[in-house]
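Visitor: Below you will find the structure I want to go over with you.
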DNA sequence: CTAGTTGTACGATGATTGTCGAATGAAAGG
DNA sequence: CCTTTCATTCGACAATCATCGTACAACTAG
């Protein structure tokens with residue numbers, strides 16, 4: 090087993106037919122994670138460190154894992170960076186209009202009506 | 090203070106403009122609570138003990154409180170019973186098409202596609 | 001009045017969660 | 001080779017959560 094072929098452990102992503110709605114709702118019920126999703130709606134792909142959230146790097150890694158294992162985001166390696174993207178099409182395939190309804194609701198509620 | 094006027098404490102319900110989306114997502118990310126919501130979509134109003142869930146009464150009370158404080162359900166007293174209803178219109182007013190997207194997604198996922 | 005029904009309140013308990021700091025690893029650049 | 005950058009893993013911690021059993025309160029029915 091040639092050591093030169095060693096890589097970091099491959100990231101696990103569920104298939105769309107494995108998505109669990111309750112896992113997705115739980116993943117989106119956290120303000121930091123919702124900010125991540127909202128940011129990814131504006132930018133197709135981002136490096137981990139470029140999200141406008143104010144938590145420690147290890148905490149951010151935790152939130153990415155929750156979103157990734159629920160099927161909300163996809164991550165890929167590129168050298169030193171880990172790029173993150175929304176799985177918009179997969180989510181739309183499995184749960185049509187769900188993500189849009191949630192993110193729209195979130196953004197409409199950021200400034201609560203008086 | 091006439092003792093004859095004593096009542097059980099009035100149930101607190103948030104106004105639609107106080108609804109917090111993240112609280113609602115958290116409330117709906119539990120299988121027992123999602124079953125409650127799903128059941129209420131079929132029946133407008135139900136007594137507490139008539140929900141097809143398999144938890145202890147005190148646990149059920151806990152779940153009702155979470156849903157009520159998030160704005161998902163409304164409860165009213167009637168003699169010995171406590172009646173529970175979905176706040177469908179209030180939810181639609183504050184977060185249009187949200188509840189429908191979520192419950193539809195939940196029901197579509199109950200029998201996972203092969 | 002007494003007994004049964006309906007549902008809550010309280011306390012306990014074990015599991016999960018969000019947070020962080022320190023240590024680690026892998027890649028890029030000097 | 002050494003240093004910096006990027007992000008992870010691990011362990012710890014306090015907070016929250018879902019669950020239950022017991023006790024209790026309010027109402028209804030006999």
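Residue numbers (the numbering used here), protein chains in the order written: chain A, 90 to 203; chain B, 90 to 203.
For glycine and all other residues, C-beta sits at the position ideal for the given N, C-alpha and C.
#1: Mind pulling the chain A residues with CB within less than 8 Å of residue 147/B?
#2: Considering only C-alpha positions, which residue in the set 191/A, 185/A and 189/A is nearest to residue 198/B?
#3: Quick check: is the beta carbon of residue 177/A nearer than 8 Å to any beta carbon in chain B?
#4: Cα separation between residue 201/A and residue 105/B?
#5: To which residues of the same chain is residue 195/B closer than 6 Å at the C-beta, ignoring the five residues directly before and after it?
#6: Excluding sequence positions up to five away, which residues of its chain have a Cβ less than 7 Å from the Cβ of residue 203/A?
#7: Could you tell me the distance, in whole angstroms, from the CA atom of residue 99/B to the CA atom of residue 179/B?
#8: Can you pull the chain B neighbours of residue 120/A, defined as C-beta to C-beta under 7 Å?
#9: Find the nearest neighbour of residue 170/B within the set 159/B, 137/B, 182/B and 150/B, judged by alpha-carbon distance.
#10: Since residue 174/B is in the beta strand (DSSP E), which residue starts that stretch and which ends it?
#11: Residues of chain B with CB under 8 Å from residue 102/A, in chain order?
#12: Does residue 229/A get closer than 8 Å to chain B when you measure Cβ to Cβ?
#13: Return the CA-CA distance between residue 147/A and residue 158/A, expressed in angstroms with no decimal places.
#14: Examine chain B for any beta-carbon lying closer than 8 Å to the beta-carbon of residue 194/A, and answer yes or no.
Guide: In this structure, then:
#1: Listed along the chain, the chain A residues whose CB falls inside 8 Å of the CB of residue 147/B amount to none; the nearest CB is some 22 Å away.
#2: Nearest option by C-alpha distance: 185/A.
#3: Chain B contact via Cβ: absent.
#4: Low confidence applies to residue 201/A: its pLDDT is 48, below 50, so where it sits in the model is not reliable enough to give any reading.
#5: Around residue 195/B: 123.
#6: Its pLDDT being 42, under 50, residue 203/A is placed unreliably by the model, and the measurement read from it follows with that caveat. For residue 203/A, where only same-chain residues beyond five positions count, there are no Cβ hits under 7 Å.
#7: Roughly 20 Å between the two C-alpha positions.
#8: Within chain B, the residues near residue 120/A are 111.
#9: With distances taken between Cα atoms, residue 170/B lies closest to 137/B.
#10: Unbroken beta strand (DSSP E) run through residue 174/B: 170-175.
#11: Ordered by position in chain B, no residue passes the 8 Å Cβ test against residue 102/A, which lies about 17 Å from the chain.
#12: This structure leaves residue 229/A out entirely; chain A is present only between 90 and 203.
#13: Taking the straight line joining both Cα atoms gives about 17 Å.
#14: So, interface residue.
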